[in-house]
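1165 is the number that this note's numbering gives to position 310 of the sequence shown; each next residue is one higher, with no gaps.
Where is the CB? At the ideal position from N, CA and C, for every residue including glycine.
Computed from a predicted model, the values in this text were never measured in an experiment.
Notes to accompany the following structure.
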Amino acid sequence: MKRFLQVLVGDIELNRDLSLLLLIGGLYSLGIALSNTFVNVYLWKQSGEYVDIALYNLAVVVLQPLTFILAGRWAKKIDRVVVLRLGVISLSVFFTTVLIMGENAGKYLLILGGLLGIGYGFYWLSFNVLTFEITEPETRDFFNGFLGILTSFAGMIGPIGAGFIITHMDKLTGYRVIFAISLGLFLLAVVLSFFLNRRSAEGGYHLKDIWHLRKKDRNWKSILHAHFFQGLREGTFIFLIVVWIYVATGSELALGTYGLVASAVAFVCYYLTGRFIKPGLRKRAILIGGLILYAAIFLIIFELNFTLLLTYGVVVSIAYPLLLVPYVSLTYDVIGNGWKAAEMRVEYIVVRELFTNFGRIVSILMFIGAVLLLGEKTGIPIVLLILGAGHTIIYWIVKGIDLPGAANKETFTVLKKR
């Protein structure tokens, strides 16, 4: 068994906290894959308007960065693991609320979106900070790749399982079942978080200092701009593709099938990328992944059917690991080499997420504007061609990032010991 694990992960030393964080991330991904994939469809069936679904997602990405600011302060004053628990509990409250509202959920889109944004804010602030603290440059590519594997596996079994349940049960009963399962997974993640070592931070909360640091640190400025363009694509694509699949097929099971196929491809690609893409190949992989992501848009903007959407899912599932695994690792390395990285690690993560969500907010506002001004048929293809360039632009921003050599690199562990 030990030899098999060594072949699987390579020359990587797994400690308890790293393994637990991966497991918590996997449970979170499965809970989200089971339920959140279908929330947009659930609300679409009650509304049938693209603008309404966009407003729901806009509420998510507005409340998320606001929660990040608060969560960052609490992470510095209390503990990151406690903030992680708050995130998972908040997500449980969101799904419980959707369940209780039932067929009236469509009347409270902004409230529901705000609840989800709060949950995301608490969870991802703490998870990202813990990732930065628990991993080192030599383990980050593995961690991000293996987390991608777990996320992909959750994406394989979650949507298809949920789609099967919803299709073969009374619609409302089916949704209740999958929301209940997700609730159980989130509660299990909370239990596992008690086994993580407590991680309290010292010092004040100096968010403004890290915000203004981009004027002095060229690498930090570049990575923040890159995250804005990452959000520019994610903001709209993350919900529109799901709705399009349902519009094209009218079936939750088809949505589950899409998730199964796309995630199966991503499962393999995340493993290969995390296993074999080394730091020297990061920027090249980011370029290739970004170009493939943009090219994939042309599969779906002229004609909408399930075959083309499924092909799109396969293509982007190949491209995303190529881009995200080295890109996320590069981001943490930039932070690790930044000013007062150990002391200000929470602030770095908060500012990064602010820029990502600024991009998402701009994305959804542009989508709403295009639909209202040009109509769905003309406006959506045009805005997708503009927003879809976000990931491609990332390479041209990060290609100039220059980090110290391994001998001079100030990792979090080195800085912490100081």
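Here isoleucine 1248 has Phe1084 as same chain residues with Cβ atoms under 7 Å from its own Cβ, once five neighbours each way along the sequence are excluded. Here leucine 1185 has Arg1137 as same chain residues with Cβ atoms under 6 Å from its own Cβ, once five neighbours each way along the sequence are excluded. When secondary structure is reduced to three states using DSSP, glutamate 988 falls in the helix class.
Taking the Cβ atoms as the reference, glycine 961 lies roughly 3 Å from glutamine 901, within the contact range of under 8 Å.
For methionine 1199, no alpha helix (DSSP H) encloses it, and the DSSP letter there is neither H nor E. In this chain, glycine 957 is not harboured by any alpha helix (DSSP H), its DSSP state being neither H nor E. Looking only at Leu875, Ala1017 and Leu925, the smallest Cα-Cα distance to isoleucine 989 is reached by Leu875. With a beta-carbon spacing of about 6 Å, arginine 995 and tyrosine 1187 fall inside the 8 Å limit used to define contacts. In summary, histidine 1246 is buried, with 16 or more beta-carbon neighbours lying within 10 Å of its beta-carbon over all protein chains present.
The C-beta separation of tyrosine 1126 from valine 1180 comes to about 10 Å, leaving the pair out of contact by the 8 Å criterion.
If you draw a straight line from the Cα of leucine 1239 to the Cα of arginine 1215, it is about 13 Å long. Taking alanine 1103 as the centre and dropping the five residues before and after it, the same chain places the C-beta of Leu1159, Asn1160, Phe1161 and Leu1164 closer than 7 Å to its C-beta, in chain order.
Of all alpha-carbon atoms in Pro1176, Leu1079, Gly1059 and Ile1078, the one lying nearest the alpha-carbon of glycine 927 is that of Gly1059. Contact between tyrosine 978 and leucine 939 holds: their C-beta atoms lie close to 6 Å from each other, under 8 Å. By alpha-carbon distance to serine 890, the top candidate from Leu941, Phe949, Glu904 and Ala1225 is Phe949. Sorting Ser1048, Leu1047, Val1046 and Ile1020 by C-alpha distance to the C-alpha of alanine 1035 places Ile1020 at the top. Rounded to whole angstroms, the gap between the alpha carbons of phenylalanine 1222 and arginine 1139 is 30 Å. Residue nearest to glutamate 1198 within the set Leu1146, Ile1065 and Ile1015 is Ile1065 (criterion: CA-CA distance). Just measuring C-alpha positions, the residue of Phe1008, Ile1235 and Pro992 sitting nearest leucine 1115 is Phe1008.
When the Cα atoms are used, threonine 892 and glycine 1039 turn out to be separated by approximately 17 Å. DSSP places proline 1176 inside the alpha helix (DSSP H), whose first and last residues are 1161-1191. Alanine 1121 and asparagine 999 have their C-alpha atoms roughly 13 Å apart. With contacts defined by Cβ atoms closer than 7 Å, asparagine 983 and phenylalanine 1094 do not form a contacting pair. Within the stretch 1017-1045, no beta strand (DSSP E) run of at least 3 residues lies entirely inside it. The continuous alpha helix (DSSP H) containing leucine 1095 extends over residues 1073-1104. DSSP places tyrosine 883 in the uninterrupted alpha helix (DSSP H) bounded by 871-902. Taking arginine 1207 as reference, the option from Val906, Ser1218 and Gly1193 with the minimal CA-CA separation is Gly1193. Less than 7 Å separates the beta-carbon of glycine 976 from that of threonine 922. DSSP places glutamate 1158 outside both helix and strand once states are collapsed to three, so it counts as coil. In the structure shown, alanine 1151 adopts helical secondary structure according to DSSP, grouped into three states. Here the alpha carbon of threonine 951 sits roughly 48 Å from the alpha carbon of proline 1259. In this structure, the alpha-carbon of valine 915 lies about 30 Å from that of histidine 1023.
For phenylalanine 1131, the enclosing alpha helix (DSSP H) begins and ends at 1107-1131. Between the C-alpha atoms of arginine 935 and tryptophan 929 there is a straight-line separation of about 8 Å. Of all alpha-carbon atoms in Ile1015, Ser1037, Tyr963 and Gly1243, the one lying nearest the alpha-carbon of glycine 1145 is that of Gly1243. Here the C-alpha atom of threonine 1166 lies approximately 43 Å from the C-alpha atom of histidine 1067.
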